[in-house]
Amino acid sequence: MSLTADLLASYRAPRRVLRRHLARGATEGRALMFLMLGCALVFVAQWPRLMREAELDPAVPLDARMAGAFFGWLCLAPLLFYALAAASHLVAQVIGGRGSWFAARLALFWALLAVSPVVLAQGLAAGFLDDGAAMAGLGIVTLGIFLYLWFAGLAEAERGAGAGPAAQRG
2 MSLTADLLAS YRAPRRVLRR HLARGATEGR ALMFLMLGCA LVFVAQWPRL MREAELDPAV
62 PLDARMAGAF FGWLCLAPLL FYALAAASHL VAQVIGGRGS WFAARLALFW ALLAVSPVVL
122 AQGLAAGFLD DGAAMAGLGI VTLGIFLYLW FAGLAEAERG AGAGPAAQRG
């Protein structure tokens with residue numbers, strides 16, 4: 002399936018989509034592409050909020066805000082996501098998971114990419130709304146969707162068909 006079709010299918014059947022990705026073999030390049038594309042889309046989602054904040058408080062110019070968000074999302078966040086994937090795999094092993102390090106990374110990175118359309122919508126709303134109850138509600142919904150996609154994918158990676166011997170290579 003195409004990337005966009007997989008993104009849409011993830012909301013209906015996240016385990017099935019991750020199972021398909023795991024069946025393609027452990028290729029770190031694909032996992033890294035999912036991670037970097039997800040981080041880039043989250044970075045783009047920050048633009049409306051950053052523009053609004055720069056207008057409200059000109060003490061910090063827009064280019065400085067954009068540079069900080071770029072560094073955070075495209076330089077630091079990928080490293081943190083790798084560490085989070087490793088930690089989630091270790092926790093899964095403690096509770097009986099039998100997947101691979103690669104499968105745990107792919108589950109997290111795919112969840113980030115799959116939730117990116119929701120993050121983009123939230124970012125657009127952040128350009129218009131104050132930091133109030135509406136934005137907090139959108140943030141909770143976005144976090145809930147991300148956790149649903151990640152935990153469903155992690156369950157497939159650690160206990161489902163993705164946890165078989167073929168997945169152990171990564």
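For the sequence shown, the residue numbers in this note's numbering are 2 to 171. Glycine is no exception: its CB is placed at the ideal position from the N, C-alpha and C atoms. Here the structure is a predicted model, which means the values were calculated and not measured.
- With fewer than 16 other beta carbons inside 10 angstroms of its own, residue 62 counts as exposed.
- Nearest to residue 50 by alpha-carbon distance, out of 44, 127 and 17, is 127.
- Three or more beta-carbon pairs separated by less than 8 Å are not found between the stretch 128–138 and the stretch 76–87, which leaves the two stretches without contact.
- Contiguous alpha helix (DSSP H) elements confined to the stretch 53–125 occur at 63–72 and 78–95, taking only those with 4 or more residues.
- Shortest Cα-Cα distance from residue 76 to any of 100, 43, 122 and 99 involves 43.
- Burial check for residue 16: the Cβ neighbour count within 10 Å reaches 16 or more, so the residue is buried.
- Our two residues, residue 92 and residue 32, have alpha carbons roughly 21 Å apart in a direct line.
- DSSP places residue 11 in the helix class (H, G or I) of the three-state scheme.
- Residue 100 and residue 52 have their alpha carbons spaced roughly 43 Å apart.
- Across the structure, residue 19 and residue 66 are spaced so that their CA atoms are roughly 35 Å apart.
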